[in-house]
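Using the numbering used here, the first residue of the sequence shown is number -6, and each one after it goes up by one. From the three backbone atoms N, C-alpha and C, an ideal C-beta is built for every residue, glycine too.
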Amino acid sequence: MGRDSAADDAGRRHSLGTLVSVVELVPSILSADFARLADEVAAAERGGGSVIHVDVMDGHFVPNITVGPPIVQSLRKHTRLPLDCHLMIENPDEFIPAFAEAGANWVSVHYEACRHLHRTLELIASHDMEPAVVINPATAEDLLIPVLGMVHHVLVMSVNPGFGGQKFIPYALKKIRRLKELRQEMGLKFRIEVDGGVAHDTVARVVEAGAELLVAGHAVFGEGHAERDARSLLEAAQRASMQAV
Ligand code: DX5
Ligand code: ZN
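Spelled out as structure tokens, the structure:
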């Protein structure tokens, strides 16, 4: 899959010539039925999901364990959508080649987990994947200024990472707004992703703040109706996006 497959769609011209962002739904498989993963992903795609989010947890950086490169490799055979691998792990450098080999497209690493963040982002890009950086709720977005020019997207956590189905932390909205301002001031193109507690009651606020890549786990897979629930969440996001223009 081309490195810029989704980035090329990062913006569209609206009739007045203003560049406006396109919102995309990024279903997180964390809340899917793992025994039926290919079917779950296919359903989320039919509902309008356009990127698949894979939460990788190591039991050290976060208090939970999930999946790794073998699941990415299996998923790769069942979907052509970009696989967005969110690494909530210590020492991500050690595993980046394995994710590339498995077929990952986007790889995001936590600011808090990287001693040499610049090097890690370069390593991801050197494996022909899109590099991205993630910040926890307690990390200030301005700390990312030195690397904003080298990332495909910034992921703003709106919950403390580790579990699906948590309550949205509203302070994330302020960070999303600030990143949007920084992007304009610096003349950059990185996209803004939000992850955690994105659901019907919060989606309009994250879109209005400027988030474009909307990760949603429980809201898509939690009720066992991924197609239906992806569609209704994406429609709510698109309505908010139209109102924000
Ligand atoms: C949390 C993960 C999220 C999680 C979001 O650590 O990074 O991607 O799946 O789940 P919801 O949408 O249920 O908050
Ligand atoms: Zn995630």
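- Message: Is it buried or exposed, Asp135, if we count other Cβ atoms within 10 angstroms and call 16 or more buried?
- Response: With a 10 Å radius around the Cβ and a threshold of 16 neighbouring Cβ atoms, Asp135 comes out exposed.
- Message: What would DSSP say about Ser261, mapped onto helix, strand or coil?
- Response: What is shown of the chain runs -6 to 238, which leaves residue 261 out entirely.
- In terms of residues, what are the limits of the alpha helix (DSSP H) holding Leu68? For Leu68, the enclosing alpha helix (DSSP H) begins and ends at 62 to 69.
- Query: So is Ile45 buried or exposed if we call it buried at 16+ other beta carbons inside 10 Å?
  - Reply: Ile45 counts as buried, since at least 16 other C-beta atoms from the protein chains shown sit within 10 angstroms of its C-beta.
- Spatial distance of Arg(-4) from Gly142 (CA atoms): Because the pLDDT of Arg(-4) is 42, which lies under 50, any placement of that residue in the model is unreliable, and the question is left without a value.
- Message: Taking the alpha carbon of Ser225 as the reference point, which residue from Phe161, Gly40, Leu68 has its own alpha carbon closest?
- Response: The shortest Cα separation from Ser225 among Phe161, Gly40, Leu68 belongs to Gly40.
- Heavy atom of ligand 1 less than 7 angstroms from the Cβ of Val208, yes or no? Correct: Val208 has its Cβ closer than 7 angstroms to ligand 1.
- Query: Less than 7 angstroms between the CB of Phe156 and some heavy atom of ligand 1, yes or no?
  - Reply: For Phe156, the shortest separation between its Cβ and any heavy atom of ligand 1 lies below 7 angstroms.
- Query: For Glu205, which three-state DSSP category applies?
  - Reply: Coil at Glu205, not helix or strand.
- Message: Classify Leu243: buried if its beta carbon has 16 or more other beta carbons within 10 angstroms, exposed otherwise.
- Response: This structure gives no information on residue 243, because the portion of the chain shown stretches from -6 to 238.
- Item | C-alpha gap between Ala192 and Phe88, whole angstroms | Just so you know, the alpha carbons of Ala192 and Phe88 end up roughly 31 angstroms apart.
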